[in-house]
Ligand code: BGC
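Residue numbers (my numbering): 188 to 798.
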C-alpha cells in the first residue's frame with residue numbers, strides 16, 4: 188500500500204470533524220452522470236460520479252468530457268458556509284484504453300494481453316491509458332480486472348488475463364504502476380476487480396456462485412490481488428458473484444476481515460453497479476448489510492436520493508455506527524488526497540487536460556505492438572504464413588472490415604461499438620492489408636463468393652464473435668444451470684439473455700464456416716483469423732483452414748495483425764487459456780477435449796513458442 192495513501196491522516200481527521208452527517212454520507216455515493224446535475228452534486232455533497240458503459244457527455248469528444256468534469260468540480264469547490272469543500276472524483280471503465288470516448292486508442296482486451304504476457308508492455312499501455320483518461324479530466328478507472336476465468340461459458344472471459352493466477356499476478360503490478368505512477372499529475376487511481384472469485388462461478392454464469400473451499404479461493408482467485416495491493420492499488424471493487432452462496436457484497440469476512448484486516452488494505456472498497464440491491468429486497472437493509480460488510484463507496488446508478496435518506500435513518504437508528512461511517516469517509520478522502528485532488532487546479536487547467544496525446548500516433552504504436560504480441564498461431568500447414576505482400580489475397584469473412592467486432596464489448600457502448608458508428612482513428616484488418624498489399628481484393632459481401640483459383644493465391648478469412656459484455660456474453664445450453672445456481676444463492680440474481688447456447692463456433696456463427704467452405708471449394712487455401720473473447724470449439728474451421736490465428740479482441744489497431752501476417756514480426760504469444768476440441772463429454776474424454784491446445788501453446792514461424 189502506497190505510503191502516500193496515509194500521508195494526510197491529520198488533515199483528514201481535521202476535515203472529518205468539520206463535516207456534517209449529510210456531507211459524510213454524500214462522500215459514500217457514486218452515481219451515474221445522467222442521474223445527477225452539477226448543482227445536485229454540490230447540494231447533496233455527492234462524492235463521486237461515474238460514466239456507466241456507453242454514457243458520455245455532449246458529442247463524446249475530449250472537450251465535452253473536460254467541460255463536464257469542470258462543471259462538477261466547480262460546483263463542489265464553490266466556497267460555501269454550509270460545507271467544507273471536497274473535490275469530486277470521476278470514474279470510468281477504461282478497461283482497454285479510455286474506451287468510452289470517441290477517438291481513444293483502443294488496446295486489446297485482457298485475454299490478448301495475457302497471451303502476450305509482457306509486463307513492460309503492460310506498463311506502457313497503462314501509462315498511455317492514464318494519459319488519455321487525464322486528457323478528459325477523469326481521475327479513476329475501474330481497471331484492471333484480475334479475474335481468473337475458469338470457464339469459457341462466462342461472458343467476461345475476455346476481461347481475464349488467463350486461467351491460472353500466475354499471469355494476472357505478473358501483469359497487475361505493472362498495470363497499477365502505469366496507471367498510478369508516482370501519484371502526481373500523471374496519475375489516475377486503479378481499481379482491482381471484482382473481489383473476489385468472479386471468474387470461478389459454476390458453469391461460468393455471470394454474477395453466479397463460486398463454490399470452492401477457502402484454500403481454493405485463496406490460491407486461484409485471491410493471489411493476483413496480493414500483487415495488485417503490493418503495487419499500491421488505491422481501490423478494489425466488490426464482485427456481484429457469491430462465494431459458497433453468500434454474496435460478496437454482504438460478505439464481512441471477505442471485505443473487512445480479510446481484505447482490510449489481514450491484507451491491510453487502506454484504500455476504498457467500492458460496490459459494483461447497484462451491487463447491494465441484490466442483497467435484500469429491502470433497500471435500507473441492503474445498504475446496512477453492504478456498509479457493515481465493509482463497502483465504503485456505493486455505485487448507485489440512480490437511487491442516490493433514496494440512498495442518502497436511508498443512510499441518515501440507519502445512522503440515527505444506530506444500525507450503522509458513526510465509526511464505520513467515518514472509516515468509509517476517511518478512505519474516500521485518502522483516495523482524493525493520494526491523487527492530489529485537493530491541491531490540483533480544476534480539471535480544465537490540469538497538466539494533461541485536452542492533451543493531444545489522446546488517440547495519438549505514439550499511443551497507437553503501443554497498441555499496435557500489443558496486437559502483434561497478442562496473436563496466437565494455432566496452425567500453419569504448408570507454411571501458408573507469412574503471406575507475401577504481392578500475393579493475390581482475397582480478404583473475406585464478416586469481421587475483416589468491422590471495427591465493432593475487432594474491439595468487442597466495453598467500446599464506446601457497454602455492449603460494444605454501436606453498429607453504424609465507426610471509431611475515429613481506428614484501422615480495420617482489411618484497411619491494414621489494403622494499405623500494404625496492392626493485389627489484395629475485398630470480398631464485399633464478406634462471404635467469399637468471389638473466390639477463384641485463377642485469381643487468388645490465398646484467402647484471409649476473418650471470423651468469430653460479435654460484441655458482448657458481462658452476462659450478455661454468457662453461453663449456456665439452457666437455463667437449468669442458472670436456475671440451479673440462482674436457487675442456491677442467498678439474495679437476488681440478475682440474469683441476462685445469453686449470447687448463445689454452445690461454444691461451437693459453427694453453431695454460434697454458421698456463416699463463418701460457410702464462408703471458409705465456399706472458398707476452399709474453389710481450391711483457394713484459407714488462413715482464418717478469429718476475433719473472439721474466448722477459445723471456442725472450432726474443429727471444422729480448423730480442419731479446413733491451412734492457417735489459424737487466434738487474434739482475440741485486438742482493438743483499434745488492425746495494422747498489428749497485418750504486421751505479423753506478412754512476417755514483419757513473428758508470432759510470440761501463447762495461449763493463457765486451454766483450448767477445447769469439444770464442449771461436452773465426461774471423465775477422461777472431457778479432460779482430453781479441454782486440452783486440444785493446452786495453455787502455453789502457440790506456434791511461431793520457426794516452431795513452437797518457447798519461454
Ligand atoms: C461491471 C463493472 C463496472 C461497472 C461500472 C458493472 O456492470 O460489473 O465491472 O465497473 O458496471 O460500469
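Ideal placement from N, C-alpha and C gives every residue a C-beta, glycine not left out. The model shown is predicted, which means the values in this text are computed figures rather than measured ones.
- Identify every residue that forms a DSSP beta bridge with residue 435. Note: residue 435 sits in no beta bridge, so no partner.
- Item | Residue of 206, 375, 360 minimising C-alpha distance to residue 414 | 360
- Query: Considering only the beta carbon of each residue, do residue 569 and residue 718 sit closer than 7 Å?
  - Reply: Cβ distance not < 7 Å, so residue 569 and residue 718 don't count as in contact.
- Message: Run the Cβ filter for me: residues under 5 Å from any heavy atom of the ligand BGC, listed in the order they occur in the chain.
- Response: Result: 239, 280, 329, 459, 460.
- Query: Can you tell me where the alpha helix (DSSP H) with residue 365 in it begins and where it stops?
  - Reply: 352-367
- Task: Could you check what DSSP says for residue 784 in three-state terms: helix, strand or coil?
- Result: strand
- Query: Taking the continuous beta strand (DSSP E) assigned at residue 737, which residues delimit it?
  - Reply: In the DSSP assignment, residue 737 falls within the beta strand (DSSP E) that extends over 734-737.
- From 462, 441, 459, 324, pick the residue whose C-alpha is nearest to that of residue 452; which is it? 441
- Task: Can you say whether residue 400 is buried or exposed, counting buried as having 16 or more other CB atoms within 10 angstroms of its CB?
- Result: The residue is exposed, with fewer than 16 neighbouring Cβ atoms inside 10 Å.
- Task: Measure the Cβ-Cβ separation of residue 376 and residue 341 and say whether it is below 7 Å.
- Result: no
- Message: Extract the residue ranges of the beta strand (DSSP E) inside the region 713-761, only unbroken runs of 3 or more that lie entirely within it.
- Response: 713-718, 734-737
- Message: Within 10 Å of its beta-carbon, does residue 191 have 16 or more other beta-carbons around it, so buried, or fewer, so exposed?
- Response: buried
- In angstroms, rounded to a whole number, what distance separates the CA positions of residue 599 and residue 432? Residue 599 and residue 432 have their C-alpha atoms roughly 34 Å apart.
- Going straight from the alpha carbon of residue 389 to that of residue 669, what length do you get? 9 Å
- Query: Is there at least one Cβ from chain B nearer than 7 Å to residue 431's Cβ?
  - Reply: Given the protein chain composition of this structure (a single chain), no chain B is represented.
- Item | Beta-bridge pairing of residue 455 - partner residues as DSSP gives them | 422
- Task: Report the partner residues of residue 609 according to the DSSP bridge assignment.
- Result: Looking at the DSSP assignment, residue 609 forms no beta bridge with any residue, so it has no partner.
- Item | Range of the contiguous beta strand (DSSP E) that encloses residue 157 | The structure shown does not extend to residue 157, since the chain spans only 188 to 798, so no value can be given for it.
- Item | residue 743 vs residue 610 beta-carbon contact at 7 Å | yes
- For residue 257, name the three-state secondary structure that DSSP assigns. helix
- Query: Per DSSP, which one or two residues make a beta bridge with residue 196?
  - Reply: In the DSSP output, where bridge partners are listed per residue, residue 196 has none listed.
- Pick helix, strand or coil for residue 236, following the three-state DSSP scheme. strand
- Query: Excluding five sequence neighbours on each side, which residues of the same chain lie with their C-beta closer than 7 Å to the C-beta of residue 501?
  - Reply: 471, 474, 475, 507
- Task: Check whether the Cβ atoms of residue 683 and residue 720 lie closer than 7 Å to each other.
- Result: No, the Cβ-Cβ distance between residue 683 and residue 720 is not below 7 Å.
- Query: Based on the DSSP output, what are the partners of residue 429 in its beta bridges?
  - Reply: 396, 434
- Message: List, from N- to C-terminal side, the beta strand (DSSP E) runs of 3 residues or more that fit wholly inside the region 258-312.
- Response: 276-279
- Query: According to DSSP, is residue 624 helix, strand or coil?
  - Reply: coil
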